[in-house]
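Engineer:
Numbering (our numbering), first residue to last: 1 to 291.
Now the structure itself:
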(Lines of atoms letter the chains of each structure in order from A and count residues from 1; the text may use other names and numbers.)
(Lines give C-alpha, C1' and ligand atoms only; values in the text may rest on other atoms or scores of the structure.)
Protein backbone atom coordinates (compact mmCIF):
# COMPACT_ATOMS: atom_id res chain seq x y z
CA UNK A 1 0.00 0.00 0.00
CA UNK A 2 1.09 3.58 -0.52
CA UNK A 3 -0.46 5.08 2.60
CA UNK A 4 -1.78 3.42 5.74
CA UNK A 5 -4.92 5.21 6.83
CA UNK A 6 -6.45 5.12 10.26
CA UNK A 7 -9.85 6.30 11.34
CA UNK A 8 -10.15 7.82 14.80
CA UNK A 9 -13.51 7.69 16.55
CA UNK A 10 -15.43 10.94 16.84
CA UNK A 11 -16.32 12.27 20.27
CA UNK A 12 -18.79 10.04 22.00
CA UNK A 13 -18.24 7.14 19.57
CA UNK A 14 -16.68 4.82 22.10
CA UNK A 15 -15.15 1.46 21.43
CA UNK A 16 -17.71 -1.17 22.30
CA UNK A 17 -16.09 -4.35 23.63
CA UNK A 18 -18.55 -6.99 24.73
CA UNK A 19 -17.42 -9.39 27.44
CA UNK A 20 -19.48 -12.47 26.75
CA UNK A 21 -18.39 -15.00 29.32
CA UNK A 22 -16.63 -15.64 32.57
CA UNK A 23 -13.05 -16.67 31.97
CA UNK A 24 -12.00 -20.27 31.84
CA UNK A 25 -8.74 -21.37 33.42
CA UNK A 26 -5.73 -20.65 31.24
CA UNK A 27 -2.01 -21.14 31.36
CA UNK A 28 -0.64 -20.68 34.88
CA UNK A 29 -4.09 -19.70 36.11
CA UNK A 30 -4.51 -16.88 33.59
CA UNK A 31 -8.06 -16.71 32.23
CA UNK A 32 -8.44 -17.57 28.57
CA UNK A 33 -9.57 -14.58 26.57
CA UNK A 34 -10.22 -14.15 22.85
CA UNK A 35 -10.77 -10.93 20.91
CA UNK A 36 -12.86 -11.18 17.75
CA UNK A 37 -12.67 -8.24 15.37
CA UNK A 38 -15.53 -7.71 12.89
CA UNK A 39 -13.82 -5.87 10.05
CA UNK A 40 -14.85 -2.36 8.97
CA UNK A 41 -17.94 -0.60 10.38
CA UNK A 42 -19.65 2.78 10.40
CA UNK A 43 -18.73 4.86 7.35
CA UNK A 44 -16.32 2.13 6.27
CA UNK A 45 -18.51 -0.41 4.45
CA UNK A 46 -15.67 -2.60 3.30
CA UNK A 47 -16.43 -4.43 0.08
CA UNK A 48 -20.01 -4.08 -1.16
CA UNK A 49 -22.03 -6.30 -3.49
CA UNK A 50 -25.16 -4.90 -5.09
CA UNK A 51 -27.67 -6.22 -7.59
CA UNK A 52 -31.36 -5.64 -8.29
CA UNK A 53 -32.33 -7.51 -5.11
CA UNK A 54 -30.36 -5.22 -2.81
CA UNK A 55 -26.98 -4.49 -1.30
CA UNK A 56 -24.72 -6.62 0.91
CA UNK A 57 -21.96 -4.82 2.85
CA UNK A 58 -18.90 -6.51 4.31
CA UNK A 59 -19.24 -4.58 7.58
CA UNK A 60 -22.64 -6.16 8.28
CA UNK A 61 -21.63 -9.72 7.42
CA UNK A 62 -18.45 -9.62 9.51
CA UNK A 63 -20.37 -8.39 12.56
CA UNK A 64 -23.00 -11.11 12.28
CA UNK A 65 -20.39 -13.84 11.94
CA UNK A 66 -18.32 -12.41 14.82
CA UNK A 67 -21.33 -12.36 17.15
CA UNK A 68 -21.91 -16.04 16.44
CA UNK A 69 -18.25 -16.90 17.03
CA UNK A 70 -18.39 -15.12 20.38
CA UNK A 71 -21.59 -16.89 21.35
CA UNK A 72 -20.08 -20.31 20.68
CA UNK A 73 -16.87 -19.46 22.54
CA UNK A 74 -18.99 -18.34 25.49
CA UNK A 75 -20.71 -21.73 25.52
CA UNK A 76 -17.25 -23.29 25.87
CA UNK A 77 -16.43 -21.10 28.86
CA UNK A 78 -13.97 -18.86 27.00
CA UNK A 79 -14.15 -15.14 27.72
CA UNK A 80 -14.68 -13.25 24.47
CA UNK A 81 -14.50 -9.58 23.55
CA UNK A 82 -15.71 -7.97 20.33
CA UNK A 83 -13.91 -4.89 19.04
CA UNK A 84 -17.33 -3.58 18.04
CA UNK A 85 -20.82 -4.84 18.80
CA UNK A 86 -22.62 -2.31 16.63
CA UNK A 87 -22.22 -0.57 13.28
CA UNK A 88 -19.58 1.93 14.43
CA UNK A 89 -16.20 3.06 13.18
CA UNK A 90 -13.16 1.66 14.95
CA UNK A 91 -9.62 2.46 13.85
CA UNK A 92 -7.22 -0.33 12.97
CA UNK A 93 -4.96 0.75 15.82
CA UNK A 94 -7.77 0.63 18.39
CA UNK A 95 -8.69 -2.92 17.46
CA UNK A 96 -5.38 -4.46 18.46
CA UNK A 97 -4.95 -1.96 21.29
CA UNK A 98 -8.07 -3.47 22.85
CA UNK A 99 -6.70 -6.99 22.42
CA UNK A 100 -3.45 -5.96 24.09
CA UNK A 101 -5.24 -4.18 26.91
CA UNK A 102 -7.32 -7.22 27.86
CA UNK A 103 -4.26 -9.48 27.40
CA UNK A 104 -6.01 -11.67 24.86
CA UNK A 105 -4.65 -15.11 24.05
CA UNK A 106 -5.89 -14.90 20.46
CA UNK A 107 -6.88 -12.06 18.10
CA UNK A 108 -8.93 -12.84 14.99
CA UNK A 109 -10.05 -10.23 12.48
CA UNK A 110 -12.91 -11.28 10.18
CA UNK A 111 -13.36 -9.90 6.67
CA UNK A 112 -14.98 -10.65 3.31
CA UNK A 113 -13.18 -10.79 -0.01
CA UNK A 114 -14.08 -9.54 -3.50
CA UNK A 115 -12.76 -9.15 -7.03
CA UNK A 116 -13.66 -6.66 -9.78
CA UNK A 117 -15.22 -9.43 -11.88
CA UNK A 118 -18.24 -11.22 -10.27
CA UNK A 119 -18.08 -15.02 -10.20
CA UNK A 120 -14.61 -15.05 -11.73
CA UNK A 121 -13.05 -18.53 -11.45
CA UNK A 122 -10.46 -17.30 -8.96
CA UNK A 123 -13.03 -15.45 -6.82
CA UNK A 124 -14.15 -18.26 -4.56
CA UNK A 125 -13.43 -19.72 -1.17
CA UNK A 126 -11.97 -19.02 2.24
CA UNK A 127 -8.41 -17.91 2.99
CA UNK A 128 -6.70 -17.08 6.27
CA UNK A 129 -3.73 -14.75 6.69
CA UNK A 130 -0.93 -14.29 9.16
CA UNK A 131 1.24 -11.20 9.43
CA UNK A 132 4.39 -11.48 7.36
CA UNK A 133 5.90 -10.03 4.23
CA UNK A 134 4.90 -11.53 0.90
CA UNK A 135 5.84 -11.44 -2.76
CA UNK A 136 2.37 -12.60 -3.84
CA UNK A 137 0.71 -9.74 -5.74
CA UNK A 138 -2.89 -10.76 -4.98
CA UNK A 139 -2.11 -10.87 -1.25
CA UNK A 140 -0.47 -7.45 -1.51
CA UNK A 141 -3.55 -6.01 -3.22
CA UNK A 142 -5.86 -7.49 -0.61
CA UNK A 143 -3.76 -6.12 2.26
CA UNK A 144 -3.75 -2.72 0.57
CA UNK A 145 -7.56 -2.71 0.45
CA UNK A 146 -8.03 -3.89 4.04
CA UNK A 147 -5.50 -1.34 5.30
CA UNK A 148 -7.52 1.50 3.79
CA UNK A 149 -10.02 2.51 6.48
CA UNK A 150 -12.38 5.03 4.90
CA UNK A 151 -13.89 8.06 6.58
CA UNK A 152 -13.73 11.85 6.70
CA UNK A 153 -11.27 11.83 9.59
CA UNK A 154 -8.96 9.18 8.15
CA UNK A 155 -5.32 10.07 8.39
CA UNK A 156 -2.11 8.46 9.44
CA UNK A 157 -0.51 9.83 12.60
CA UNK A 158 2.54 11.90 11.68
CA UNK A 159 4.90 10.03 13.97
CA UNK A 160 3.81 6.69 12.52
CA UNK A 161 4.07 7.96 8.96
CA UNK A 162 7.63 9.07 9.63
CA UNK A 163 8.67 5.91 11.45
CA UNK A 164 6.78 3.07 9.80
CA UNK A 165 9.97 1.13 9.05
CA UNK A 166 11.21 1.66 12.60
CA UNK A 167 7.90 0.48 14.02
CA UNK A 168 8.06 -2.67 11.91
CA UNK A 169 11.59 -3.40 13.08
CA UNK A 170 10.67 -2.89 16.72
CA UNK A 171 7.87 -5.43 16.32
CA UNK A 172 10.20 -8.12 15.00
CA UNK A 173 10.98 -9.78 18.33
CA UNK A 174 7.33 -10.06 19.27
CA UNK A 175 6.40 -11.24 15.79
CA UNK A 176 9.01 -13.97 15.92
CA UNK A 177 7.60 -15.22 19.20
CA UNK A 178 4.02 -15.25 17.89
CA UNK A 179 4.58 -16.34 14.30
CA UNK A 180 4.49 -20.09 14.89
CA UNK A 181 1.38 -19.87 17.04
CA UNK A 182 -0.27 -17.50 14.57
CA UNK A 183 0.48 -19.99 11.82
CA UNK A 184 -1.03 -22.84 13.83
CA UNK A 185 -4.10 -20.73 14.62
CA UNK A 186 -4.61 -19.78 10.97
CA UNK A 187 -4.22 -23.35 9.73
CA UNK A 188 -6.72 -24.62 12.28
CA UNK A 189 -9.29 -22.00 11.30
CA UNK A 190 -8.76 -22.57 7.58
CA UNK A 191 -9.06 -26.35 7.78
CA UNK A 192 -12.08 -26.33 10.08
CA UNK A 193 -13.96 -23.68 8.12
CA UNK A 194 -13.40 -25.27 4.71
CA UNK A 195 -14.57 -28.61 6.07
CA UNK A 196 -17.66 -27.04 7.66
CA UNK A 197 -18.74 -25.00 4.64
CA UNK A 198 -18.52 -28.05 2.39
CA UNK A 199 -21.78 -29.10 4.01
CA UNK A 200 -23.44 -26.08 2.43
CA UNK A 201 -21.92 -26.57 -1.01
CA UNK A 202 -24.34 -28.96 -2.66
CA UNK A 203 -24.68 -28.08 -6.32
CA UNK A 204 -28.40 -27.81 -7.31
CA UNK A 205 -28.02 -30.50 -9.98
CA UNK A 206 -26.21 -32.83 -7.58
CA UNK A 207 -28.41 -32.55 -4.49
CA UNK A 208 -30.47 -35.63 -5.25
CA UNK A 209 -27.34 -37.68 -5.77
CA UNK A 210 -25.83 -36.32 -2.58
CA UNK A 211 -22.70 -35.13 -4.35
CA UNK A 212 -20.80 -32.51 -2.38
CA UNK A 213 -19.02 -29.79 -4.32
CA UNK A 214 -16.15 -28.98 -1.99
CA UNK A 215 -15.49 -25.24 -1.65
CA UNK A 216 -12.19 -23.93 -2.89
CA UNK A 217 -9.55 -24.04 -0.18
CA UNK A 218 -7.44 -20.94 -0.80
CA UNK A 219 -5.09 -21.89 2.01
CA UNK A 220 -3.13 -19.98 4.62
CA UNK A 221 -1.20 -17.01 3.31
CA UNK A 222 0.85 -14.11 4.62
CA UNK A 223 0.61 -10.37 4.06
CA UNK A 224 1.26 -7.09 5.85
CA UNK A 225 -2.17 -6.41 7.30
CA UNK A 226 -1.87 -3.37 9.52
CA UNK A 227 -4.62 -4.56 11.87
CA UNK A 228 -2.39 -7.52 12.81
CA UNK A 229 0.77 -5.47 13.22
CA UNK A 230 -0.09 -4.18 16.68
CA UNK A 231 -1.15 -7.51 18.18
CA UNK A 232 1.00 -8.83 21.02
CA UNK A 233 -0.55 -12.29 20.79
CA UNK A 234 -1.08 -14.97 18.13
CA UNK A 235 -3.32 -13.42 15.50
CA UNK A 236 -4.88 -14.08 12.12
CA UNK A 237 -7.10 -12.42 9.57
CA UNK A 238 -9.88 -14.46 7.98
CA UNK A 239 -11.32 -13.70 4.56
CA UNK A 240 -14.53 -15.71 4.89
CA UNK A 241 -15.37 -15.90 1.20
CA UNK A 242 -16.09 -13.58 -1.73
CA UNK A 243 -19.17 -11.36 -1.63
CA UNK A 244 -19.26 -11.28 -5.43
CA UNK A 245 -19.22 -15.08 -5.66
CA UNK A 246 -22.72 -16.56 -5.73
CA UNK A 247 -21.95 -19.62 -3.59
CA UNK A 248 -19.92 -17.74 -1.00
CA UNK A 249 -22.49 -14.96 -0.78
CA UNK A 250 -25.35 -17.39 -0.23
CA UNK A 251 -23.50 -18.93 2.69
CA UNK A 252 -22.70 -15.69 4.53
CA UNK A 253 -26.09 -14.08 3.90
CA UNK A 254 -28.04 -17.05 5.27
CA UNK A 255 -28.56 -17.50 9.02
CA UNK A 256 -27.71 -21.18 8.62
CA UNK A 257 -24.45 -20.39 6.87
CA UNK A 258 -23.36 -17.77 9.39
CA UNK A 259 -24.22 -20.07 12.28
CA UNK A 260 -22.22 -22.91 10.78
CA UNK A 261 -19.24 -20.63 10.15
CA UNK A 262 -19.41 -19.13 13.63
CA UNK A 263 -19.44 -22.56 15.25
CA UNK A 264 -16.54 -23.78 13.09
CA UNK A 265 -14.36 -20.76 13.84
CA UNK A 266 -15.06 -21.09 17.56
CA UNK A 267 -14.15 -24.79 17.52
CA UNK A 268 -10.87 -24.03 15.77
CA UNK A 269 -9.95 -21.32 18.29
CA UNK A 270 -10.86 -23.52 21.25
CA UNK A 271 -8.77 -26.38 19.86
CA UNK A 272 -5.85 -24.02 19.29
CA UNK A 273 -5.96 -22.90 22.92
CA UNK A 274 -6.38 -26.45 24.21
CA UNK A 275 -3.26 -27.70 22.41
CA UNK A 276 -0.93 -24.86 23.38
CA UNK A 277 2.42 -26.13 24.62
CA UNK A 278 1.65 -29.78 23.89
CA UNK A 279 3.35 -32.25 21.53
CA UNK A 280 0.12 -32.26 19.53
CA UNK A 281 0.58 -28.56 18.85
CA UNK A 282 4.05 -29.22 17.45
CA UNK A 283 2.67 -31.97 15.25
CA UNK A 284 -0.14 -29.73 14.05
CA UNK A 285 2.31 -26.96 13.23
CA UNK A 286 4.44 -29.36 11.23
CA UNK A 287 1.48 -30.16 8.99
CA UNK A 288 0.62 -26.50 8.46
CA UNK A 289 1.57 -25.07 5.08
CA UNK A 290 1.68 -21.35 4.34
CA UNK A 291 1.42 -20.39 0.70
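The beta carbon of each residue, even a glycine, is placed where N, CA and C say it ideally should be. Keep in mind it's a predicted model, so treat the numbers as computed, not measured.
1. Take every Cβ of the stretch 63 to 72, pair it with every Cβ of the stretch 92 to 99, and state whether three or more of those distances are shorter than 8 Å.
2. Leaving aside the five residues before and after residue 292 along the sequence, list all residues of the same chain whose C-beta is less than 6 Å from its C-beta, in chain order.
3. Could you tell me the distance, in whole angstroms, from the CA atom of residue 37 to the CA atom of residue 105?
4. Buried or exposed: where does residue 103 fall if 16 or more other Cβ atoms within 10 Å of its Cβ makes it buried?
5. If I follow the unbroken alpha helix (DSSP H) through residue 122, where does it start and stop?
6. Could you give the distance in angstroms between the alpha-carbon of residue 291 and the alpha-carbon of residue 75?
7. Quick one: is residue 55 buried, meaning 16 or more other Cβ sit within 10 Å of its Cβ, or exposed?
8. Any chance the stretch 116 to 131 sits against the stretch 32 to 48, with 3 or more Cβ pairs inside 8 Å?
9. How far does the beta strand (DSSP E) with residue 112 in it reach, from first residue to last?
10. Roughly how many angstroms lie between the CA atoms of residue 31 and residue 52, to the nearest whole one?
11. Would you call the stretch 238 to 258 and the stretch 119 to 128 touching, i.e. three or more CB-CB distances under 8 Å?
12. At the level of alpha carbons, what is the spacing between residue 57 and residue 257?
Structural biologist: Short version:
1. Flag = no, the stretch 63 to 72 and the stretch 92 to 99 do not touch.
2. Nothing about residue 292 can be reported from this structure: the residues present for the chain run from 1 to 291 only.
3. Locating residue 37 in the chain shown gives position 37, where the first residue counts as 1. Locating residue 105 in the chain shown gives position 105, where the first residue counts as 1. Looking at the backbone, the Cα of residue 37 and that of residue 105 are separated by about 14 Å.
4. Locating residue 103 in the chain shown gives position 103, where the first residue counts as 1. Residue 103 is exposed by the Cβ-count criterion.
5. For the purposes of this step, residue 122 is identified with residue 122 of the chain shown, where counting begins at 1. For residue 122, there is no enclosing alpha helix (DSSP H), as DSSP marks it with neither H nor E.
6. Mapped onto the chain shown, residue 291 falls at position 291. Mapped onto the chain shown, residue 75 falls at position 75. Approximately 33 Å between the Cα atoms of the pair.
7. On the chain shown, residue 55 is found 55 positions in, with the first residue counted as 1. So residue 55 ends up on the exposed side.
8. No, the stretch 116 to 131 does not touch the stretch 32 to 48.
9. Here residue 112 refers to the residue found at position 112 of the chain shown. Its beta strand (DSSP E) spans residues 106 to 113.
10. Position 31 of the chain shown, counting from 1, holds the residue named residue 31. Position 52 of the chain shown, counting from 1, holds the residue named residue 52. Taking the straight line joining both Cα atoms gives about 48 Å.
11. Yes, the stretch 238 to 258 touches the stretch 119 to 128.
12. Taking the first residue of the chain shown as 1, we reach residue 57 at position 57. Taking the first residue of the chain shown as 1, we reach residue 257 at position 257. Distance between the alpha carbons of residue 57 and residue 257: 16 Å.
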